[in-house]
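The next block holds one structure in the form of C-alpha cells; read it before the comments.
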Amino acid sequence: MKRVALPAVLVAILVLTYIVFQTQNNQTTKQKVTGNVTAFTNVSVIPMTSNRVIENQTVVIRGDEISLIAPSENVEFDSEATIIDGSGKFLIPGLAEMHGHVPPTDPPSNAPRYMNMEYVENTLFLYTAAGITTVRGMLGWANQLELKDKVSSQEIIGPSLYLAGPSFNGNSIGSVEEATSKVRQQKEEGWDLLKIHPGLTLEEYDAMAQTANEIGITFGGHIPSDVGIIHAIEMGQETIDHMDGYVAYLDSYTGKELDQKIHELIALTKENNVWVVPTQALWETILGAADYDALREYDELKYIPKNLVSGYNAWTKRLLNNSNFNLENAREHAALRQRLLSEMNKSGVKILMGTDAPQLYSVPGFSIHRELKVMSEAGMSPYEILVTGTKNVGEYFSHKDNFGTIETGQRADLILLDNNPLDDISNLKQNSGVMVAGRWLSRSFIDEKLAAIEASYKAKDK
Numbered sequence: 003m004k005r006v007a008l009p010a011v012l013v014a015i016l017v018l019t020y021i022v023f024q025t026q027n028n029q030t031t032k033q034k035v036t037g038n039v040t041a042f043t044n045v046s047v048i049p050m051t052s053n054r055v056i057e058n059q060t061v062v063i064r065g066d067e068i069s070l071i072a073p074s075e076n077v078e079f080d081s082e083a084t085i086i087d088g089s090g091k092f093l094i095p096g097l098a099e100m101h102g103h104v105p106p107t108d109p110p111s112n113a114p115r116y117m118n119m120e121y122v123e124n125t126l127f128l129y130t131a132a133g134i135t136t137v138r139g140m141l142g143w144a145n146q147l148e149l150k151d152k153v154s155s156q157e158i159i160g161p162s163l164y165l166a167g168p169s170f171n172g173n174s175i176g177s178v179e180e181a182t183s184k185v186r187q188q189k190e191e192g193w194d195l196l197k198i199h200p201g202l203t204l205e206e207y208d209a210m211a212q213t214a215n216e217i218g219i220t221f222g223g224h225i226p227s228d229v230g231i232i233h234a235i236e237m238g239q240e241t242i243d244h245m246d247g248y249v250a251y252l253d254s255y256t257g258k259e260l261d262q263k264i265h266e267l268i269a270l271t272k273e274n275n276v277w278v279v280p281t282q283a284l285w286e287t288i289l290g291a292a293d294y295d296a297l298r299e300y301d302e303l304k305y306i307p308k309n310l311v312s313g314y315n316a317w318t319k320r321l322l323n324n325s326n327f328n329l330e331n332a333r334e335h336a337a338l339r340q341r342l343l344s345e346m347n348k349s350g351v352k353i354l355m356g357t358d359a360p361q362l363y364s365v366p367g368f369s370i371h372r373e374l375k376v377m378s379e380a381g382m383s384p385y386e387i388l389v390t391g392t393k394n395v396g397e398y399f400s401h402k403d404n405f406g407t408i409e410t411g412q413r414a415d416l417i418l419l420d421n422n423p424l425d426d427i428s429n430l431k432q433n434s435g436v437m438v439a440g441r442w443l444s445r446s447f448i449d450e451k452l453a454a455i456e457a458s459y460k461a462k463d464k
C-alpha cells in the first residue's frame with residue numbers, strides 16, 4: 003500500500019504545481035499596453051527572420067518602432083490605442099527599392115517642365131503605395147539631402163531615403179586628384195554612398211576606391227570598362243548594379259569554359275561579400291521593345307507625367323530603328339543574366355531587390371512586381387525573393403538603422419497583405435495598407451491619393 007500511495011501523492015503535487023505555474027504564467031504574459039500606440043491585432047506575421055508564419059499575433063508600434071509582438075489573446079489596450087484588425091491578413095516587413103531614383107527638388111535649367119516638387123512628392127508616394135518603405139537613391143542632386151530630412155520628419159510622405167551623391171563618371175571626374183577630393187567632399191556633405199558610372203579611368207577608379215575605403219564610405223553602381231568586374235570586386239565595390247560587368251566579362255566564353263568562368267566569378271563575388279542588384283526586369287523591358295504596343299499599355303503609366311511616357315516611347319522607337327540593336331543577341335544576354343541570377347542565388351551570393359525606377363516604363367513601386375516575376379522565373383522561391391527586399395536590405399544597412407524584419411526594436415516599416423506571399427509572390431500586388439516609419443497609410447487613403455495623382459496628370463495633358 004505504501005508503494006502505491008507515494009506515487010499518487012507525487013502526481014497530485016505535480017498536477018497542482020503545474021496548475022499554479024500556468025496560472026502565474028498566464029497572469030505575467032497578459033500585457034496591458036497604454037498610451038498612443040498603433041497595433042495590428044489577430045494578424046499572421048511573416049517576420050522574415052526565417053521562412054515561417056506566426057498566426058494570431060498582435061504587433062504594437064510606438065512612434066516609429068515595433069515595441070511588442072505577442073499572441074493576441076495576451077495583449078490588452080486602453081482607449082488611446084489605434085487598432086488595425088488583421089484577421090485573415092498577413093503582415094510582412096516593408097520592401098526596398100535598392101536601385102531607385104529620386105527626382106531633383108531643384109532641377110537643372112534644361113529639365114523637362116514636369117520635373118517640379120509635385121512630381122518629386124508624387125514619385126515618393128508611388129513608391130510607398132506599393133509597399134516600398136526604403137529607397138536607395140542612386141543619383142544624387144543638389145538639395146536632395148534636405149528632402150531626405152523632410153521625409154524623415156514626415157513632412158512629406160515617402161520611404162526612408164539612403165542617397166548616393168552626384169555621379170562619379172567620365173564627365174564629372176577629370177583626374178586622380180579630383181576623384182580623391184570628391185570622395186572626401188561627399189563624405190563630409192553627408193551622402194550615404196558613392197555612385198559609380200561608366201567613364202572613369204582605372205587610375206581614377208582606384209583613387210576613388212582607396213579613398214572611400216580609407217575614410218569609410220561605400221561605393222556601388224556600374225563597372226567602368228577600364229576597370230572590369232574582377233578588379234572592381236577586389237577593390238571593394240560594395241554593390242554591383244544591373245549585374246554590370248558580369249556579362250561583358252563572360253561574353254567571349256562558351257560551353258564548359260563559360261561554365262567554369264561563371265563558377266569562378268560567382269565564387270569571387272561571394273568571397274568578397276559583394277552585393278548584387280540585378281534590375282533584371284529593366285533588361286526584360288528592353289527586350290519588350292519588340293512589343294512596343296504592349297509596353298505603352300502598362301496601366302500604371304497613368305500615374306506619371308505624359309511627357310515622361312513620351313520620352314520612354316521615343317527612346318524605344320530609336321532602339322528599334324537602331325541598326326546595331328540585335329534582338330537575338332539581346333535575348334542571349336538576357337538568358338545569360340537569368341542564369342547568373344539563378345546560380346548566384348543557389349550559391350548564396352547576397353542579392354538586393356531593385357528596378358532602376360523610374361527608368362524606361364519602370365513606374366516607381368509598380369516596377370517591383372515585374373522584378374518579382376523575373377526573379378521567380380529564375381527559380382527563386384517566394385521566400386528567397388522576399389529576403390532580397392527585406393532581411394538582406396536590413397543587413398546591408400545595419401551600420402545605419404534597424405529594419406528589414408518584424409522584431410521588437412526594428413523600424414516600423416510594414417505591409418498588410420490580403421493573402422500569403424509565401425504561397426504566391428504575386429500576392430504582394432494587393433495590400434490593405436502600408437506603414438512607413440510608424441505612419442499608417444490605409445488602403446482607402448492610398449487609393450484616394452493615387453486617384454488624385456492620376457487626375458492631376460490628366461488635367462495637365464489637356
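So the sequence shown is numbered by our numbering: it starts at 3 and just counts up by one.
Where a beta carbon is used, it is the ideal one built from N, C-alpha and C, also for glycine.
* Three CB pairs or more closer than 8 Å across the region 370-382 and the region 417-430 -> yes
* Measure the C-alpha to C-alpha separation of residue 211 and residue 385 and round it to an integer number of angstroms. => In the sequence shown, residue 211 corresponds to position 209, counting from 1. In the sequence shown, residue 385 corresponds to position 383, counting from 1. Straight-line Cα distance between these residues: approximately 34 Å.
* **Cβ neighbours of residue 365 in the same chain (closer than 8 Å, five flanking residues each side left out)** => Here residue 365 corresponds to residue number 363 of the sequence shown, with the count starting at 1. The residues are 128, 300, 302, 303, 305, 306 and 359.
* Asked: What separation, rounded to the nearest whole angstrom, lies between the Cα atoms of residue 443 and residue 52?
  -> As a first step, residue 443 must be located in the sequence shown, where it is residue number 441. As a first step, residue 52 must be located in the sequence shown, where it is residue number 50. Using only the alpha carbons, I get a separation of about 27 Å.
* To do: Have a look at residue 192 and residue 108 and give me their C-alpha separation to the nearest angstrom.
  => What you label residue 192 is simply residue 190 of the sequence shown in a count that begins at 1. What you label residue 108 is simply residue 106 of the sequence shown in a count that begins at 1. If you take the alpha carbons of residue 192 and residue 108, they lie about 18 Å apart.
* To do: Keeping to the same chain, check which residues put their C-beta closer than 7 Å to that of residue 403; ignore five residues upstream and five downstream.
  => The sequence position of residue 403 within the sequence shown is 401, counting from 1. These residues qualify, in order along the chain: 413.
* Asked: When the distance is taken between beta carbons, is residue 367 closer than 7 Å to residue 48?
  -> On the sequence shown, position 46 is the one that residue 48 refers to. On the sequence shown, position 365 is the one that residue 367 refers to. Contact flag unset, no.
* Assigned secondary structure, residue 223 (DSSP; H/G/I helix, E/B strand, else coil) -> Taking the sequence shown and counting its residues from 1, the one referred to as residue 223 is at position 221. Here residue 223 sits in strand by DSSP.
* To do: Could you tell me how far apart the beta carbons of residue 95 and residue 416 are, in whole angstroms, since I believe they sit closer than 8 Å?
  => Along the sequence shown, one-based indexing puts residue 95 at 93. Along the sequence shown, one-based indexing puts residue 416 at 414. About 7 Å; that satisfies the 8 Å criterion.
* Asked: Could you give the distance in angstroms between the alpha-carbon of residue 455 and the alpha-carbon of residue 161?
  -> Within the sequence shown, numbered from 1, the residue matching residue 455 stands at position 453. Within the sequence shown, numbered from 1, the residue matching residue 161 stands at position 159. Near 18 Å, if we compare the C-alpha coordinates of residue 161 and residue 455.
* Asked: In chain order, what residues of the same chain have a beta carbon less than 7 Å from the beta carbon of residue 87, not counting five sequence neighbours either side?
  -> Reading the sequence shown from its first residue, position 85 is the one you call residue 87. Cβ within range, chain order: 43 and 44.
* **Those residues which DSSP pairs with residue 164 across a bridge** => For the purposes of this step, residue 164 is taken as residue 162 along the sequence shown, with counting starting at 1. In DSSP, residue 164 forms a bridge with 138.
* Asked: residue 138: buried (16+ other C-beta within 10 angstroms of its C-beta) or exposed?
  -> Along the sequence shown, one-based indexing puts residue 138 at 136. Classification of residue 138: buried, given that the 10 Å Cβ count is 16 or more.
* Asked: Under the rule that 16 or more other beta-carbon atoms within 10 Å means buried, what is residue 114, buried or exposed?
  -> Translated into the one-based positions of the sequence shown, residue 114 becomes position 112. By the neighbour-count rule (16 or more Cβ atoms within 10 Å), residue 114 is not buried but exposed.
* Under the three-state reduction of DSSP, which class applies to residue 445: helix, strand or coil? -> If you number the sequence shown from 1, residue 445 lands on position 443. Look at residue 445 here: in three-state DSSP terms it is helix.
* To do: Use the C-beta contact count for residue 24: other C-beta atoms within 10 angstroms, 16 or more gives buried, fewer gives exposed.
  => Here the question's residue 24 lines up with position 22 in the sequence shown. Reliability of the predicted coordinates at residue 24 is poor, the pLDDT of 44 falling under 50, and the value obtained from them is presented with this limitation in mind. Residue 24 should be labelled exposed.
* Asked: In angstroms, rounded to a whole number, what distance separates the CA positions of residue 422 and residue 68?
  -> Counting from 1 along the sequence shown, the entry for residue 422 is found at position 420. Counting from 1 along the sequence shown, the entry for residue 68 is found at position 66. One C-alpha to the other measures close to 21 Å.
* Pick helix, strand or coil for residue 395, following the three-state DSSP scheme. => Within the sequence shown, numbered from 1, the residue matching residue 395 stands at position 393. Of the three classes helix, strand and coil, the one that applies to residue 395 here is helix, per DSSP.
* To do: Measure the Cβ-Cβ separation of residue 297 and residue 93 and say whether it is below 7 Å.
  => Stepping through the sequence shown from its first residue, residue 297 is reached at position 295. Stepping through the sequence shown from its first residue, residue 93 is reached at position 91. Taking 7 Å as the Cβ cut-off, residue 297 and residue 93 do not qualify as a contacting pair.
* Three-state secondary structure (DSSP) of residue 92 -> Position 90 of the sequence shown, counted from the first residue, corresponds to residue 92. Of the three classes helix, strand and coil, the one that applies to residue 92 here is strand, per DSSP.
* Between the Cα of residue 32 and the Cα atoms of 70, 65, 76 and 59, which residue gives the shortest distance? -> Indexing the sequence shown from 1 puts residue 32 at position 30. With distances taken between Cα atoms, residue 32 lies closest to 76.
* Asked: So the beta strand (DSSP E) residue 435 belongs to, where does it begin and stop?
  -> Counting from one through the sequence shown, the residue named residue 435 turns up at place 433. Looking at the DSSP string, the run of the beta strand (DSSP E) that includes residue 435 is 433-438.
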